[in-house]
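S.K.: So that we are looking at the same thing, I have put the structure below in structure tokens.
In the numbering used here, the protein residues as written are 114 to 515.
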């Protein structure tokens, strides 16, 4: 702060007046001129103004004194600046140390953050190399703090998608290989039978009395091959959405009675009885031919796994859907077997293949696909040695009629 002010008044017609201080000593270099000495000798008064202000740096402020528009004088404010320089010097030192400390801290933090970011980028590079080498299990630590964290989240989503696609591809590859093996196995038996019987007939190895039976067996195996080929073609068409349903309304009782007639003979050969329990006015909205295919597959499946039992076809309806059930009193299935019955060529008990309980195939795979294609659902319940029940639910109204 300024500790000393000297106020000096200056008038237009006078010289500056500087008040002297009491007992102010004269400077050592104080002297008077020859003219002043003569005046003193003649008795005149001589005034000398001593001002030590300019021996050091000062701050000077001039304030004009005006009388209207006329300048009449000025006030001059003087103050030494040594105190101000001291304050400014202190501030400058503090600023220098602060800036130096800030730069040092910034450099240290920058080095630490750079190291962390480089480590994160290196982890990302390592994970990317793993993915390139086929390891889709690679994962990065996720956070939402910055762009690298967001990139880690996207990277994890990508690897999860790739892992899922790889699994699907492997499943498809394994499924295709299994499908070829299953088809080959299924075709080998009828082809071997047909080949053996044909060779026996051509070479007269088979007795004449067995000729008709052999021809009937050849016809049966040929039909089995035809059925297998047609089922595979249907399955691929359905899976590829290459079929178009022709939905109509038709009488449910007449439909189930027709199914019964088509399977009744085969069922009676195994001592089974088929009954229909449905209201005569019940209606079904579906593709007639495809739904017939569904019921023939399920009912024949029930016949294959039932001996001297009962197969019941029932139907109910409300304003939203038709509910159809096929229930048998056959050998049934356990929980593990139920989870796999929709797979192609799956048989609940492999020892049943080509036995009195029928053969494996892809019928139930087609059934599930066709029902889902109708926007419906199919469920199955079963208990070993007590029987199996299939329940089909089909929407009753068209979309534009609801």
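All C-beta atoms, glycine included, are put in the ideal place defined by N, C-alpha and C. Bear in mind the structure is a predicted one, so any value in this text is a computation, not a measurement.
Name the residue from 360, 450, 148 whose alpha carbon lies nearest to the alpha carbon of residue 494.
M.R.: The residue with the shortest Cα to Cα distance from residue 494 is 450.
S.K.: Classify residue 428 as helix, strand or coil using the three-state DSSP reduction.
M.R.: Strand at residue 428.
S.K.: Smallest Cα separation from residue 362: which of 399, 314, 281, 211?
M.R.: Closest option to residue 362, Cα to Cα, is 399.
S.K.: If you drop the 5 nearest sequence neighbours on each side, which residues of the same chain put their C-beta closer than 8 angstroms to that of residue 501?
M.R.: Correct list, in chain order: 415, 418, 440, 441, 443, 445, 446, 493, 494, 495.
S.K.: Inspect the beta-carbon positions of residue 263 and residue 257 and report whether they are closer than 9 angstroms.
M.R.: Their beta carbons are under 9 angstroms apart, which means residue 263 touches residue 257 by this criterion.
S.K.: Suppose the cutoff is 7 angstroms on Cβ atoms and the five residues either side in sequence are ignored; what does the same chain contact list for residue 350 look like?
M.R.: Cβ within range, chain order: 356.
S.K.: Which residues share a DSSP beta bridge with residue 505?
M.R.: 437, 491, per the DSSP bridge assignment.
S.K.: Which class does residue 73 belong to by DSSP, given the choice of helix, strand or coil?
M.R.: Look at the range of the chain in this structure, 114 to 515, and you will see that residue 73 is not part of it.
S.K.: One question on the structure: do residue 479 and residue 489 come within less than 9 angstroms of each other, judged by their Cβ atoms?
M.R.: The answer is no: Cβ separation not under 9 angstroms.
S.K.: With DSSP as the reference, identify every bridge partner of residue 388, one or two as the case may be.
M.R.: According to DSSP, residue 388 bridges with 425.
S.K.: Once DSSP output is grouped into helix, strand and coil, what is the label at residue 464?
M.R.: Bear in mind that the predicted position of residue 464 carries a pLDDT of just 45, short of 50, making it too unreliable to give a figure here.
S.K.: If you follow the alpha helix (DSSP H) that residue 373 is in, where does it begin and where does it stop?
M.R.: First-last of the alpha helix (DSSP H) with residue 373: 365-382.
S.K.: Which ranges would you report for the beta strand (DSSP E) in the stretch 266-348 if only whole runs of at least 3 residues count?
M.R.: Counting whole runs of 3 or more residues, the stretch 266-348 contains no beta strand (DSSP E) stretch at all.
S.K.: Return the first residue and the last residue of the alpha helix (DSSP H) that residue 451 is part of.
M.R.: Note, residue 451: alpha helix (DSSP H), 448-451.
S.K.: Quick check on DSSP: helix, strand or coil for residue 395?
M.R.: DSSP places residue 395 in coil when its eight states are reduced to three.
S.K.: My assumption, with CB atoms under 8 angstroms, is that residue 269 sits in contact with residue 253. Please give the rounded CB distance.
M.R.: That belief holds up - the Cβ atoms of residue 269 and residue 253 are roughly 6 angstroms apart, short of 8 angstroms.
S.K.: Between the Cα of residue 516 and the Cα atoms of 249, 294, 266, which residue gives the shortest distance?
M.R.: The structure shown does not extend to residue 516, since the chain is modelled only from 114 through 515, so no value can be given for it.
S.K.: DSSP on residue 362, reduced to helix/strand/coil?
M.R.: Strand.
S.K.: Taking 9 angstroms as the cut-off, decide whether the C-beta atoms of residue 405 and residue 425 are in contact.
M.R.: Cβ atoms of residue 405 and residue 425: not closer than 9 angstroms.
S.K.: Which of the three DSSP states is assigned to residue 454 in this structure?
M.R.: Coil, per DSSP.
S.K.: From the DSSP output, in three-state form, read off residue 500 for me.
M.R.: In the structure shown, residue 500 sits in a strand (DSSP, three-state: E or B).
S.K.: Nearest to residue 389 by CA position, among 428, 203, 267, 339, is which residue?
M.R.: Taking only the C-alpha atoms, the option nearest residue 389 is 428.
S.K.: With distances taken Cα to Cα, identify the nearest neighbour of residue 328 among 309, 345, 343, 344.
M.R.: Checked all of 309, 345, 343, 344; the closest Cα to residue 328 is 309.
S.K.: For my contact list, residue 408 and residue 454 are in at a C-beta cut-off of 8 angstroms; report their separation, rounded to the angstrom.
M.R.: Actually they are not in contact, since the Cβ atoms of residue 408 and residue 454 sit about 16 angstroms apart, beyond 8 angstroms.
S.K.: Just mark residue 216 as buried or exposed, buried being the case when its beta carbon has 16 or more other beta carbons within 10 Å.
M.R.: Looking at its Cβ environment, which holds fewer than 16 other Cβ atoms inside 10 Å, residue 216 is exposed.
S.K.: Here's the rule: buried if 16 or more other CB atoms are within 10 angstroms of the residue's CB, otherwise exposed. What is residue 503?
M.R.: Residue 503 comes out buried.
S.K.: Is it the case that the Cβ atoms of residue 410 and residue 477 are separated by a distance below 9 angstroms?
M.R.: Yes, they are a contact pair.
S.K.: Quick one: residues in its chain with C-beta nearer than 6 angstroms to the C-beta of residue 134, no 5 flanking neighbours on either side, listed in chain order?
M.R.: Because the pLDDT at residue 134 is just 44, under 50, the model does not fix this residue reliably, and the value given afterwards should be weighed accordingly. No residues qualify anywhere along the chain.
S.K.: Check the C-beta distance from residue 368 over to residue 433 and give it rounded, since I have them as a contact under 8 angstroms.
M.R.: Not quite, the Cβ-Cβ distance comes to about 19 angstroms (not below 8 angstroms), so this is no contact.
S.K.: Skipping 5 residues on each side, what residues in its chain have a beta carbon closer than 8 angstroms to that of residue 396?
M.R.: Correct list, in chain order: 362, 363, 364, 365, 430, 435, 509.
S.K.: Measure the C-alpha to C-alpha separation of residue 238 and residue 221 and round it to an integer number of angstroms.
M.R.: C-alpha separation (whole angstroms): 26 angstroms.
S.K.: Would DSSP call residue 351 helix, strand or coil?
M.R.: If DSSP states are grouped into helix, strand and coil, residue 351 belongs with the helices.
S.K.: Nearest CA to the CA of residue 484: which residue from 392, 358, 448?
M.R.: With distances taken between Cα atoms, residue 484 lies closest to 358.
S.K.: Measure the beta-carbon distance from residue 307 to residue 334 and round it to whole angstroms, keeping in mind my assumption that it falls under 8 angstroms.
M.R.: Yes, residue 307 and residue 334 are in contact; Cβ-Cβ is about 5 angstroms, under 8 angstroms.
S.K.: Per DSSP, which residues does residue 208 bridge with? Please list them.
M.R.: Bridge partners of residue 208: none, in fact.
S.K.: For residue 377, which residues from the same chain have a beta carbon less than 7 angstroms from its beta carbon, with the 5 sequence-adjacent residues on both sides left out?
M.R.: So the qualifying residues of the chain are 387.
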